[in-house]
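Just below is one structure, and these are the notes that go with it.
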């Protein structure tokens with residue numbers, strides 16, 4: 001294998017400002033495209049110097065930033081050492097007195113230092129961490145940012161000590177810096193941040209990420225179940241996203257462990273061990289927010305522990321989130337009377353429901369609670385879907401039914417011809433040369449991860465939704481106008497209302513409205529091969545053929561294409577509403593909130 005820095009297809013696309021499929025096209029069409037020097041058949045790696053030489057030879061513009069060069073130099077050491085090197089870069093940036101560059105060789109240490117001097121140490125290190133997480137997305141489990149921020153807000157560890165005993169690469173603890181207080185004030189940080197992580201590499205990365213933010217942090221590598229790094233610690237709050245379904249958690253060795261205050265966790269219920277570990281590490285009155293597999297709310301093996309947590313007043317809420325449940329717990333104070341109800345909420349479709357519901361529960365005014373005595377008398381099944389409010393099933397059914405009926409759309413009235421029309425045609429590439437269409441792409445390095453400028457994303461184009469992304473104001477943003485045609489990898493849209501910025505991986509086709517109808521262009525882009533995209537491996541979008549027609553006839557075609565787009569959106573919406581309608585109908589008929597309407601008397 002070559003010792004040159006290597007790049008994969010995604011890296012090449014990023015350097016050249018094109019889509020991944022464009023790189024596939026180059027490999028297929030150009031015999032002199034560099035051959036892989038490593039990787040696998042599905043994920044080949046190429047020599048960066050060879051790729052740069054090839055791009056120059058073909059006059060293709062590219063830019064290898066200093067950050068990219070540092071990253072490729074790190075990757076050149078191989079995947080097995082990549083995490084270790086990223087961790088060593090963190091040591092270098094957090095400890096300026098390290099004479100050996102944190103373990104990095106001299107050249108690499110110099111590049112990392114230069115990157116930090118140019119972009120500030122925190123920005124430089126987060127760039128490397130983001131690339132590392134992207135490269136190892138299948139091996140590293142990372143909590144969603146919005147879920148992490150929610151958990152930190154709910155435990156309210158401001159000014160105290162916050163612990164994450166399974167901190168990974170620090171996602172939950174890093175949410176401290178992204179969690180504004182009510183009124184938009186900057187977050188008040190905990191006085192101390194503590195973490196434990198099984199992987200030495202991840203623990204070192206977390207330490208660097210926290211210290212570069214100025215947090216007083218201590219992160220220890222080790223197995224929190226078998227070798228608790230903080231015995232006797234009583235923090236103000238604990239947040240945790242533990243490993244799910246980890247069978248080898250130490251059941252045999254830890255049978256008599258004093259942490260099992262609410263019962264010995266069954267061998268197949270390691271998450272209940274993590275719950276009690278977290279409760280052990282908070283002060284009386286301290287809060288715990290822990291993510292749990294949905295099955296943990298109902299599995300028969302964990303019934304006794306769930307019951308004991310409820311009786312003691314330790315388990316206060318179970319909230320369904322996308323892909324997991326959030327358990328909110330509180331360590332009881334001595335002599336404190338436990339609550340009579342627990343909050344059970346299904347927020348899988350809308351995280352914004354959680355905080356108002358939690359505040360209402362704490363203020364004893366919630367209408368989404370379940371009596372603990374009822375749970376104890378049954379199977380202690382706390383699955384949120386089972387306890388969702390039934391009062392509104394009938395009303396919800398009627399509302400969804402009305403939306404379902406209103407969402408229907410009719411196909412356009414199209415004449416069927418015995419023979420296809422033979423019309424003079426022109427390609428999109430020719431339209432661009434003639435100035436009827438301007439082709440624009442979003443900035444290559446753009447990341448829509450927050451800011452004041454709304455951003456149209458690829459998902460928005462696919463679903464026909466309003467702009468859902470946002471980005472900070474910066475040079476190079478492309479502002480959309482009414483009548484612009486925007487293409488993603490899988491869909492095409494005509495913009496009805498401008499003002500948002502063009503998002504990543506999107507291409508804009510801006511037409512001269514005096515000579516070309518945007519719906520006409522969008523329709524032919526959609527029809528071309530079933531996929532009008534900026535980087536299909538099977539289709540070059542510039543070869544899209546359109547008939548040469550006067551503007552009046554273009555508009556007639558454009559209206560038909562527009563009606564088909566409306567029909568497609570309606571079918572997608574009715575499909576979603578239909579599934580909801582069926583579920584509500586089944587629930588309502590089964591629990592008595594709905595009744596057949598054909599002459600029967602309830």
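Numbering (UniProt numbering), first residue to last: 1 to 602. We put the beta carbon where it would ideally sit given N, CA and C, even for glycine.
Under the DSSP assignment, residue 557 falls in the alpha helix (DSSP H) whose first and last residues are 551-591.
Between residue 269 and residue 299, the gap from beta carbon to beta carbon is short of 8 angstroms. Per DSSP, reduced to three states, the secondary structure at residue 24 is helical. Leaving aside the five residues that flank residue 546 on each side, the residues in its chain whose CB is nearer than 8 angstroms to its CB run, in chain order, 425, 426, 427, 428, 431, 520, 521, 524. One thing to note: residue 501 has its Cβ within 8 angstroms of the Cβ of residue 471. For the 8 angstroms CB-CB criterion, residue 369 and residue 342 form a contact. Just so you know, the alpha carbons of residue 351 and residue 143 end up roughly 14 angstroms apart. Counting along the chain, the unbroken beta strand (DSSP E) around residue 192 starts and ends at 192-197.
For residue 501, the secondary structure class from DSSP, reduced to helix, strand or coil, is strand.
The DSSP assignment places complete beta strand (DSSP E) segments of no fewer than 3 residues inside the region 271-358 at 282-292, 315-321, 324-330, 341-346, in order along the chain. Within the same chain, 6, 8, 45 come within 8 angstroms of residue 39 by CB-CB distance, once the 5 residues on both sides are set aside. Closest option to residue 76, judged by alpha-carbon separation, among 222, 504, 307, 47: 47. Residue 90 places its beta carbon less than 8 angstroms from that of residue 204. Annotation: residue 240 is outside any alpha helix (DSSP H); the continuous beta strand (DSSP E) that includes it extends over 235-240.
Excluding five sequence positions before and after residue 71, the CB atoms of its chain that fall closer than 7 angstroms to its own CB belong to 128, 131, given in chain order. One thing to note: residue 581 has its Cβ within 8 angstroms of the Cβ of residue 397. In the structure shown, residue 462 adopts helical secondary structure according to DSSP, grouped into three states. Around the beta carbon of residue 25, a 10 Å sphere encloses 16 or more other beta carbons of the protein chains shown; the residue is thus reported as buried. Residues of the same chain with a CB within less than 6 angstroms of the CB of residue 234, apart from the 5 flanking positions on each side, are 283 in chain order.
Scanning the region 417-480 from its first residue to its last, the whole alpha helix (DSSP H) runs of 4-plus residues come out as 428-433, 458-463. The beta-bridge partner set that DSSP reports for residue 46 consists of 7. Inter-residue distance for residue 331 and residue 492 is about 53 angstroms (C-alpha atoms, whole angstroms). Apart from the 5 residues on each side of it in sequence, residue 560 sits with its Cβ closer than 6 angstroms to the Cβ of 412 in its chain, given in chain order. For the 8 angstroms CB-CB criterion, residue 376 and residue 314 do not form a contact.
Boundaries of the beta strand (DSSP E) around residue 485: 485-487. Residue pairing by DSSP puts residue 163 in a beta bridge opposite 194, 238. In this structure, the alpha-carbon of residue 260 lies about 10 angstroms from that of residue 279.
A direct Cα-Cα distance of roughly 13 angstroms separates residue 241 from residue 149. Contact between residue 147 and residue 321 holds: their C-beta atoms lie close to 6 angstroms from each other, under 8 angstroms. Residue 247 sits in coil when the DSSP states are folded into three classes, being neither helix nor strand. One thing to note: residue 219 has its Cβ within 8 angstroms of the Cβ of residue 206. In the DSSP assignment, no residue is bridged to residue 125. For residue 438, the CB contacts under 6 angstroms within the same chain, skipping 5 residues up- and downstream, are 510 in chain order. In the structure shown, residue 218 adopts extended strand secondary structure according to DSSP, grouped into three states. DSSP places residue 361 in the helix class (H, G or I) of the three-state scheme.
Residue 191 holds the alpha-carbon nearest to the alpha-carbon of residue 211 among 229, 225, 191.
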